[in-house]
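Note sheet for the following structure.
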């Protein structure tokens with residue numbers, strides 16, 4: 173797609189306020205929120221990935237708004253999903269890493285804080301607010317924010333269908349249950365076509381382990397990773413089927429469609445896959461508070477309300493979705509949320525909200541990241557490590573790859589940003605790390621100093637670099653395999 177990034181002022185001028193008000197005052201729009209699992213910012217053709225084929229999502233982007241700086245609430249699955257569903261920061265929820273969490277190991281300088289093993293039932297989710305407005309609600313696919321007693325129905329969804337995370341590819345199914353989940357969404361839409369509905373369709377794709385239909389793998393033989401490219405193609409096809417269903421039911425014009433991901437793409441080898449994807453030109457990927465871990469694809473379509481064919485670079489964060497959706501459908505926005513509505517920006521009435529963005533990720537991960545926090549203020553990005561006295565500073569307007577650390581050149585700026593992050597952590601009652609009594613400096617050196625996984629660049633890596641990162645992966649796996657969960661790791665499910 174040959175698109176130009178549109179200035180926010182132009183978007184604001186493109187739609188009249190009266191036209192939007194009339195739309196919100198009329199028939200309440202349906203909402204379909206399609207969430208992918210580990211889909212990176214560089215995985216779709218409409219984001220510039222030439223070796224991936226995503227015609228349906230490319231068309232969706234042409235019909236709506238595509239964000240190039242959409243951010244996740246946390247660069248790992250469970251907390252990011254909790255942020256989407258509740259509108260609250262993972263740090264406030266004390267759900268800051270994937271469930272059930274990674275065990276402590278001797279290679280860590282500090283211990284993981286105890287985390288909540290679910291989003292508590294007293295926390296209202298988007299489904300609760302929408303049901304109060306007469307919406308039928310469904311959660312289809314991956315949940316991962318609590319066990320059985322804290323599942324979608326317990327949290328207020330009318331209908332829940334988990335499907336299967338891994339399926340055997342066939343003529344009618346992909347390797348991640350894509351078509352089965354899509355069919356469940358189609359059935360729910362058919363059953364509720366005469367009333368407003370909200371579908372939270374959380375695909376398992378393209379999370380490892382993955383597989384794809386043989387013909388799609390063969391058709392993508394020249395891709396960076398042919399099987400992964402086949403998975404992306406199947407995902408795109410399933411989205412196309414769902415959009416076609418809206419067309420057939422004449423619901424397209426009155427349905428808000430959101431397509432996004434929970435976090436950045438997985439750029440290091442993991443599980444059975446020695447090569448997965450790359451987030452070029454961004455640094456790192458899933459698990460890191462660098463741009464490759466934080467940036468996610470985001471496409472929003474609502475014909476007649478969201479200006480079609482626009483591409484914007486203004487940052488928004490997926491913690492914003494609860495207040496944004498409520499404002500879009502004309503429902504009251506509750507107080508006490510961390511997210512801020514950008515409904516006015518989406519629909520051309522206002523500029524995007526101006527604020528700092530914060531992340532608190534006090535965990536070591538399987539991807540090689542260390543406990544850290546981050547603050548984005550305009551084009552300035554500050555990354556602070558929690559297991560050593562270290563902070564980095566990047567000017568994203570000149571260094572989108574985050575290669576030039578300006579911390580020493582900008583001491584006052586980094587001081588202010590670290591202070592802002594510290595104040596925010598205090599305001600949300602964020603948890604902190606404690607020293608690890610079993611710390612082994614040699615193992616820390618081997619996993620986090622001899623190899624900096626955030627610096628690995630899959631797209632440019634040569635054979636020797638691939639071999640080095642694969643050997644690192646084996647050592648990381650061995651370190652985790654030899655650890656056991658214990659006190660200081662997690663809270664038991666309540």
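Residue numbers (my numbering): 173 to 666. In this text, a Cβ means the ideal position worked out from N, Cα and C, and glycines have one as well.
Nearest-angstrom Cα separation, counted from residue j out to residue i
{"i": "residue 648", "j": "residue 501", "result": "47 Å"}
{"i": "residue 260", "j": "residue 491", "result": "6 Å"}
{"i": "residue 635", "j": "residue 250", "result": "34 Å"}
{"i": "residue 505", "j": "residue 494", "result": "8 Å"}
{"i": "residue 162", "j": "residue 643", "result": "Since the first residue shown for the chain is 173 and the last is 666, residue 162 is missing from the structure and cannot be characterised."}
{"i": "residue 621", "j": "residue 362", "result": "54 Å"}
{"i": "residue 545", "j": "residue 625", "result": "17 Å"}
{"i": "residue 542", "j": "residue 517", "result": "35 Å"}
{"i": "residue 552", "j": "residue 582", "result": "11 Å"}
{"i": "residue 655", "j": "residue 610", "result": "11 Å"}
{"i": "residue 576", "j": "residue 595", "result": "26 Å"}
{"i": "residue 407", "j": "residue 444", "result": "21 Å"}
{"i": "residue 227", "j": "residue 591", "result": "45 Å"}
{"i": "residue 241", "j": "residue 413", "result": "27 Å"}
{"i": "residue 321", "j": "residue 315", "result": "12 Å"}
{"i": "residue 193", "j": "residue 475", "result": "Low local confidence applies: a pLDDT of 38 at residue 193 is under 50, so the model's placement there is unreliable, with the coordinate-based value given in what follows. Their Cα atoms are separated by approximately 14 Å."}
{"i": "residue 195", "j": "residue 333", "result": "The predicted position of residue 195 is uncertain, since its pLDDT is 41 and thus under 50; a value taken from the coordinates is nonetheless stated next. Rounded to whole angstroms, residue 195 to residue 333 spans 31 Å at the Cα level."}
{"i": "residue 417", "j": "residue 218", "result": "22 Å"}
{"i": "residue 367", "j": "residue 375", "result": "24 Å"}
{"i": "residue 442", "j": "residue 522", "result": "42 Å"}
{"i": "residue 613", "j": "residue 246", "result": "28 Å"}
{"i": "residue 438", "j": "residue 580", "result": "31 Å"}
Whether residue i touches residue j by CB criterion (9 Å)
{"i": "residue 291", "j": "residue 317", "result": "yes"}
{"i": "residue 513", "j": "residue 469", "result": "no"}
{"i": "residue 209", "j": "residue 383", "result": "no"}
{"i": "residue 271", "j": "residue 295", "result": "no"}
{"i": "residue 239", "j": "residue 302", "result": "no"}
{"i": "residue 204", "j": "residue 373", "result": "yes"}
{"i": "residue 430", "j": "residue 488", "result": "no"}
{"i": "residue 269", "j": "residue 651", "result": "no"}
{"i": "residue 202", "j": "residue 415", "result": "no"}
{"i": "residue 558", "j": "residue 534", "result": "yes"}
{"i": "residue 364", "j": "residue 308", "result": "yes"}
{"i": "residue 498", "j": "residue 298", "result": "yes"}
{"i": "residue 396", "j": "residue 327", "result": "no"}
Candidates the options: closest to residue i by CA position
{"i": "residue 639", "options": "524, 538, 447, 219", "result": "447"}
{"i": "residue 606", "options": "652, 591, 536, 519", "result": "536"}
{"i": "residue 229", "options": "404, 617, 312", "result": "404"}
{"i": "residue 554", "options": "540, 539, 588", "result": "588"}
{"i": "residue 244", "options": "331, 562, 474, 460", "result": "460"}
{"i": "residue 531", "options": "449, 346, 597, 413", "result": "597"}
{"i": "residue 528", "options": "548, 521, 515", "result": "548"}
{"i": "residue 615", "options": "427, 207, 279", "result": "279"}
{"i": "residue 354", "options": "379, 389, 394, 313", "result": "313"}
{"i": "residue 207", "options": "252, 233, 571", "result": "252"}
{"i": "residue 336", "options": "328, 356, 327, 395", "result": "356"}
{"i": "residue 346", "options": "323, 410, 289", "result": "410"}
Proximity test, Cβ basis, 9 Å: residue i and chain C
{"i": "residue 299", "result": "The chain inventory of the structure shown lacks chain C, comprising one protein chain alone."}
Cβ distance (whole Å) where residue i is taken to contact residue j below 8 Å
{"i": "residue 683", "j": "residue 602", "result": "Residue 683 is absent from the structure shown; the chain starts at 173 and stops at 666."}
{"i": "residue 257", "j": "residue 287", "result": "Contact doesn't hold; Cβ gap of about 16 Å is too wide."}
{"i": "residue 565", "j": "residue 585", "result": "7 Å"}
Tell me whether the region 350 to 360 and the region 278 to 291 touch, counting them as touching only if at least three CB pairs, one residue from each stretch, are closer than 8 Å.
The region 350 to 360 vs the region 278 to 291: no contact.
Between the region 472 to 479 and the region 209 to 226, do at least 3 Cβ pairs fall closer than 8 Å?
Taking a cut-off of 8 Å for Cβ pairs, the region 472 to 479 and the region 209 to 226 do not touch, as fewer than three such pairs fall below it.
So, does the region 450 to 464 touch the region 210 to 220, judging by three or more C-beta pairs under 8 Å?
The region 450 to 464 is in contact with the region 210 to 220.
Are there three or more Cβ pairs, one per stretch, closer than 8 Å when the region 383 to 398 is compared with the region 338 to 345?
In short, these stretches touch, since the Cβ pair count reaches three.
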